[in-house]
Structures are given as structure tokens and as C-alpha cells.
């Protein structure tokens, strides 16, 4: 089944077949949910808003609320200014959020609505905020939109009260799961440093079931915290695609030093994150974290023969794939195909550099690719393991490859948004998933005489 | 309007929304619906493109090319559990992936190249080309591009005019899909399709294999399905649509217009049917047998119904014992589905306390009211705050709805049953009725809810 690609190689020069990305507004909506008491607002037709909410809901399995300017033909002809102004009035009257985070859509961008001016002249209740980001869907990807909304948080809200900075740091976590954000907070707490993390979707999209529905859950960075981010000494920006831009704007605007880092996925990236905190604040690394790191190394040694030398294909969002590729190399695996749907030559350069340093040649690396291409590569020269989002399941089935789900979106499995892949605990989870996928395959495929209890 | 009947005040609702909510038995006036949603509302509604996409997506061997930026293609990639007995072509996602350049200079050339490459790679028997907000807004002439490509490749390249901004109401998209289907079906000059004794099954999307279930029943009583619109259909089979002697119409929202068009063009009459629930299934089979008027067929129909009812009623009774008196809410896309679910839940002895749809029409809401007990809330285009308010106020035990309602219901401690795109188990026919009852039972009576109560006692 699933004749996704023809048997023989064919020309694929334009358009996308089986995309490995989605559009900017979704990322902007996800980032906005990481502000406490925020209602994301989609300035466009209703379909976009419904799709983003549905997609996020399918991944997180928690309610996702957002309002829409409900464009119809009239608004599309005469411009959406009136719709946005009415929306702002209605949103505060009906849903009463602390803050409304507006993102545009390809429709309002094509019409050319002037958002800054519309917002400036809109009726915003005292003490409430409206921020916006331009997210035309025909540019970038959902990661670009996420990055844009982080920038909007900084440029609209962050403020510096003066030259003296507080002994606190900002963390821009990137487009990661609430479970990852919780884990980052746990690590920073263990290091004993005050942190403002934004956006922060923990306790927003991983809320407990209490029978009481809270339209605005307890989590999320408050507007006051984001404002205070301008008074921090330093910002750790995790992931070059999702977080670096916002850190740069914060450095320019408020003089907060920005330190660009990878997402802390894998042992080295986690080390780098912890060392950055240690170096800046001069804190001691607690024994608890040292122990966790030791457990990761111990586990790697216990399991290395399961995966060493295996050929692996990885796809997903750029920051995730960059950090994971580094970890896979550390594990002794061979990333033969590395692909992201998000545009950006920097992705290819960074991956190539890592591969070169590891002495691996002949791998295919591509930004702005699609899964048609990835499957063609796999058909040409197979891999032992595929790692990526749920959309990889078609390839895994058609090409009969073991498959580890990783990144966004995962639509066919549960629990993952609560389980971190960042930090040392995240390393253990990844090692377990990768080893198990390979071992399950071995158990499934081996002859009776080779079937072993102890592996 | 008798405003005393309206309980939606306070934070959940503003005055403009009051006419969209009705309590049965209390008010003489009718519901306000099919209007555009308020700007700034958290609507559960979608867009024209969404409507067109869900109707056409199950055409299995066609390539579905979305002409627009990437999102529209990604969000509709294989999200509908329509099953195929043959080609899996429809489960690929094709997008022209429009960029700034295309928006500025027009996307027609790129669209033509994408069509050429799809033909080169897959040689599909047809390509549906969907317009989206942007391609519609910049005025790409997809009709001309499709026409030229059709001639170039001697294959059907069918435009679907589904720019999202045309309406927030999916029904408008159903029409766009219907027009595309009629274009595909229309026989070429001089060609005719010979009439047969077979029937078409309109508004059947083969979710969880539901078309196959009905097909088995019909085969048993001596009728073949010519083609379903559009579940498990192929381009070649759809082109044989004029050869049917009867059209069954199931999902009224999406397919009444097609049924009327087929009647006009090819003289095929149609019957409204409904295969959700045992009573509906029996009634529909009888209607179909009556249409054919063959005594042997009528006899076989009665035999089938009797056998199936005897088989499933004891099982349904078991569920009924557990579910009788439980309170249910329904919030679904269209009124057809709402009616089907109401009947089934009532057969299980449950009380319906809230019903609503995204896109219901006035007559449909009037019809709904007659099925419901006095005091039931009826709501059009609900927002989550309204749903929450009524779910709690009405002390609901279980809700039937779609993706977005699922998580809301769970958070409120309410069971949930999917009667929408995400359902994986077929709910049609006699076995479907059992499966539906089982799903309602599982979610309403799961021991997991006890954990919630236990937590309540501790905390």
C-alpha cells in the first residue's frame, strides 16, 4: 500500500509533495499560548484559525483557544481593519484575556492590512495589551512564525528600567513541548538561578484534569515577567531558528546579552546549556545534575552496540534536527539523510559541519525539503531507522523501516508532550526509544533459532 | 424573541449571540443561523476550502493539488479516516507551496508546472486543483490553467473554487466540491452512460469502512452500489454515476445539490437515507427496497432486518441498562449528523439536553426541535465558552462532537464520543449501532472517572 512515490526516480522541481512543514500562523499561535492569560487571534478567515487549533489540539490533546477576525468576502475587498477593531472590542468584552496576540494570515497580508496602525487606533481596555506579528504563510514555516511571535513579545513588552540589571536570566525555549519547558525549568531551578522563560506552555497545554475548565490556565509567562525580561542580565536563546532573533532584538532594545545555543537535546547540547548558566552566574553544578549526566553516559555504554554504525534518516524542525543530529553522532550512528521543511541554508551548513567533523561523507542534507524527496532517497539506499514527526509513518510502512516519533506534530501517539527530550532525562528517553525501535525490529524479524530472551 | 428563554448571558455570550441560542418549548421564535460568525469570536467553524476538501478527499485515485501556501495542504493531509479498497493516491499531499514571488507575480505558471510534474510522476486519472485564499485573492485563473492542462495531458484536471474567504460556512465549500464533481461526471460530447439497476450512494465517505457495511446489506437484498460519493470512489467509477437508477443521499449538507443536479441532468431520482442507528438503518433499507418494488427484494430486506435486529438488540439492551437516564450533549458539523445521533442516544434511553451544529439551516433546526424534549438547548455556531457553560449547567455526562470538543469535554470531566472525521470505527449499520453504543458506554462509564472523584476527595 501507500504508493507514495514512483518506483523509478523522477523530476521533482517545484511545489511540495507530502510537506515537512506547515505555515507561520500556527507557530505564532503556539508561542502566544505560552503567555499567561493570552488569547491568540488569527487575523484572516475562520478556516485558518480552526485548522491551527485542530492541529495543535491533535498534538497536545488539550484545548486550544484562539479567536478569528472571521473574514468574509467583504473584508477581503475592503480591507480587514474594521474586522480587527471589532475583534479587539469583542475579544476583551467576551473573553477578557490579559493580552491578545494577533498574527496575520496570507489573506490579510495579501490585502495589505496595516496592523500597527489598526492596533494603535483600536479601543484597548486599560491595563490590557495587544501585540502583533506579521506571519504571511507564503514565507518561512511554522518555526518562522514562532520566532516572529517571540520577537513581538520582546518588541512590544520587554522594557529596561535602567542600566543595572537584575541577577536573573531569560530563556527562550524554542518550539518545544510543555514537558520540555518543565524540564528546562527543573534544571535551572537545580542550578539556583532566577529565570524568566517565555513563551512557556507548561501548565497551559499539559494541564491536569480537575473537572474545572479554565479558559486561561495557570501557566504561561505573565506580561509582567516578559516586561521584566528587559532587566535580566542575559538571555539564553535555545535554537537558532526559533529563538535567536528574539534574543537579538532584546539585546538591541534593552541591552540584555544574548547567548545563542542549540536546543538542549543530547548530552553535549545539555552540557553547553548548563555550562552557559554556570559560567555567567558562577553557580556550582549540583550533585543531582552530575549524577543525571553520569547515568546518561552509563546508559550509552550499556546500549551502544544496539545502534552504533546504524544508518539513520532524520527529519523535522530545524532546531530539533540540528541538536538531535549532534546526539546521534555522539551515539555513533550515521545520519545519512537529514532534512527539514523550513527554509534556511544555515541549517544545511550547520549539519554539514557536524558531519564533516565526525568524518562522515556522502550524507544528503536539505533545508526546505519534503517527504517525497526523503522517501526517494530511502528507496534508493535504505536506512536502518527513521526519526521524525508522525508524517514519517507512511515512509516507515512503505519502506519497512523502524520509526521513532520525534518533534512536532505527533498526531498518532499520546503522552509525548509531557515527556521531555531535552536535558539529561531527555537523553535517556531518546536512547530508550531508539534502542527499543531497533530491538523490536530484531525480535520481529529474526528466525526462531535466533530469537533471544536476553538482548 | 422571547428573551426569557435565553439563558446565555454573562461572560459566555454577548447580546449579538443571543438569537443563535434557543430553548425548545419555551420560545415561539426560531433560531438565527447560517449567518457569519462575529469578528473576534472563538468559533468552531472552518472555511470554504475545508468544506470542499473533505468532500473530495476520498476520491482515492485522484491527485489533490492545493494551490496556495503550504498550510492549507498540511492541515488537510489525510486527516479524514476515509478508507480505500484500492489506490492510496489520495493520501498524498500536493501543494504548489506559494511563495512571495508567486503572490506578487501570480502563481499560474507554478501551478501549471506542478500539474505537469504530478502527471509525469503518477499519471493520475484526474487532478483536483483547489484554490485557496491567496490564489483567489490575487486572481489566479485556475479554470484556465486547468483547462489548458487537461488538453495538454488528455486527462481531467478539475478546478475547485474554494477560496477560504468566500465564507466561514463549510456548506459553501460543499457546493464548490459538488460543482467539481458534476464537471468530472459529465459525459463527453456524444457519449452516454447506459442506465443500470445499480444505485449511487451520495454523502457516504467510507469512514471506518462504513460504505462497505452498507454495500454488504444492499448486496444481500440484491442491489449493487454503482459508486459512492465519494467514499472509496475512483475517477472511473464516478464517471459511471449517470448509469445509476437511484441516488441515495446520506449527508444532506454536502450532497443534496448533487442529487438535484443528477436528477436534472440524467433523470435519476433520489432518496434520503440514514444508516446511523439500527432504526434508521432498517427504515432506510425498507425505503430502498420499496423503490425497487420487487417483492423478493422486500422479503430479503425483512429477513435481513429481522436477523440483524435479533442479533444486536440483546447487546444494545445491555448498554441501555448502563446508559439509561444519562445526559447527553451533541455538537457536530451539520444537522444530518445531529439528527442521527439524537435518535441513537434516545434508543439507548439517554436524555438529550443540548444540541448544536456549526452549519445548520433554519428548516433543519426546526426539524431538530421536534425530536427534542422541551427544555433542550439548541445552539448555532457555538463558541467554547458557551459550550462549557451549558455542559456544566445541564450536568452533561457525555458529549458527541468533533476534535476540538473532545478535549474540552474531557477537561470538564465529561465523556466524549467522536462522530466526526477522527472516528476510526465505522458507526453505520447494525454493527455500527453496537459500536456506537459501546463507545458511548466506554466513555461515559470508564472507571477512570473514579480517579477524578478520588482526587476530588483528597484535594
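Chains as they are written, first to last, in our numbering: chain A, 489 to 943; chain B, -5 to 453. Glycine included, C-beta positions come from ideal geometry on N, C-alpha and C.
{"query": "Distance between residue 493 of chain A and residue 574 of chain A (C-alpha atoms, nearest Å)", "result": "47 Å"}
{"query": "Residue 22 of chain B to residue 374 of chain B span [Cα, whole Å]", "result": "Model confidence at residue 22 of chain B stands at a pLDDT of 45, short of 50, so the residue's coordinates are unreliable; what they give is reported in the following sentence. Each residue's alpha carbon lies about 17 Å from the other."}
{"query": "Bridge-paired residues (DSSP) for residue 507 of chain A", "result": "A:858"}
{"query": "Per-residue contacts from residue 579 of chain A into chain B (C-beta, under 8 Å)", "result": "34"}
{"query": "Span separating the alpha-carbon of residue 87 of chain B from that of residue 625 of chain A", "result": "17 Å"}
{"query": "Assumed close pair residue 588 of chain A, residue 618 of chain A - CB separation to whole angstroms, cut-off 8 Å", "result": "5 Å"}
{"query": "DSSP bridge partner residues for residue 270 of chain B (one or two, in chain order)", "result": "B:422"}
{"query": "Cross-chain neighbours of residue 500 of chain A in chain B, by beta carbon under 7 Å", "result": "111"}
{"query": "Euclidean distance between Cα positions of residue 371 of chain B and residue 433 of chain B", "result": "24 Å"}
{"query": "Collapsed DSSP secondary structure at residue 817 of chain A in the structure displayed", "result": "helix"}
{"query": "Partner residues on chain A for residue 86 of chain B, Cβ-Cβ distance less than 7 Å", "result": "492, 505, 506"}
{"query": "Beta carbon proximity, residue 649 of chain A to chain B, threshold 9 Å", "result": "no"}
{"query": "Residue 863 of chain A (DSSP reduced to helix, strand or coil)", "result": "helix"}
{"query": "C-beta neighbour in chain A for residue 360 of chain B, strict 9 Å", "result": "no"}
{"query": "9 Å Cβ cutoff, residue 554 of chain A in contact with chain B", "result": "yes"}
{"query": "Residue 324 of chain B - containing beta strand (DSSP E), residue span", "result": "321 to 326"}
{"query": "Residue 551 of chain A at chain B interface by Cβ criterion, 9 Å", "result": "yes"}
{"query": "Closer than 9 Å to chain B by CB, residue 808 of chain A", "result": "no"}
{"query": "Cβ contact (3+ pairs, closer than 8 Å) linking the stretch 347 to 365 of chain B and the stretch 320 to 330 of chain B", "result": "yes"}
{"query": "Touch test, the stretch 379 to 398 of chain B against the stretch 179 to 198 of chain B, Cβ-Cβ under 8 Å, three pairs minimum", "result": "no"}
{"query": "Residue range of the unbroken beta strand (DSSP E) whose run includes residue 893 of chain A", "result": "891 to 893"}
{"query": "3-residue-minimum beta strand (DSSP E) runs that sit fully inside the stretch 54 to 128 of chain B, ordered along the chain", "result": "57 to 61, 120 to 125"}
{"query": "Residues near residue 925 of chain A by beta carbon distance below 8 Å, same chain, minus five either side", "result": "873, 890, 891, 892"}
{"query": "Contact set for residue 797 of chain A: own chain, Cβ-Cβ below 7 Å, skip 5 residues either direction", "result": "820, 822"}
{"query": "Own chain partners of residue 906 of chain A with C-beta closer than 6 Å, once the 5 adjacent residues on each side are dropped", "result": "667, 694"}
{"query": "Residue 519 of chain A beta carbon less than 9 Å from that of residue 729 of chain A", "result": "no"}
{"query": "Chain B contact residues for residue 603 of chain A, given Cβ-Cβ distances below 9 Å", "result": "Those within 9 Å of residue 603 of chain A in chain B number zero; the least Cβ separation is about 15 Å."}
{"query": "Secondary structure of residue 618 of chain A, DSSP reduced to three states", "result": "strand"}
{"query": "7 Å Cβ shell around residue 784 of chain A - same chain, five flanking residues per side excluded", "result": "755, 912, 915, 916"}
{"query": "Own chain residues within Cβ distance below 7 Å of residue 158 of chain B, not counting five before or after", "result": "41, 42, 43, 126, 127"}
{"query": "Cutoff 8 Å; reference residue 429 of chain B; Cβ partners in own chain excluding five residues on either side", "result": "419, 420, 421"}
{"query": "First through last residue of the beta strand (DSSP E) which encompasses residue 350 of chain B", "result": "345 to 351"}
{"query": "Chain A contact for residue 241 of chain B (CB, 9 Å cutoff)", "result": "no"}
{"query": "Exposure label - residue 498 of chain A; buried when at least 16 CB within 10 Å", "result": "exposed"}
{"query": "Identity of the residue in B:214, B:17, B:132, B:98 nearest residue 279 of chain B by Cα", "result": "B:214"}
{"query": "Cβ neighbours of residue 203 of chain B in the same chain (closer than 8 Å, five flanking residues each side left out)", "result": "77, 420"}
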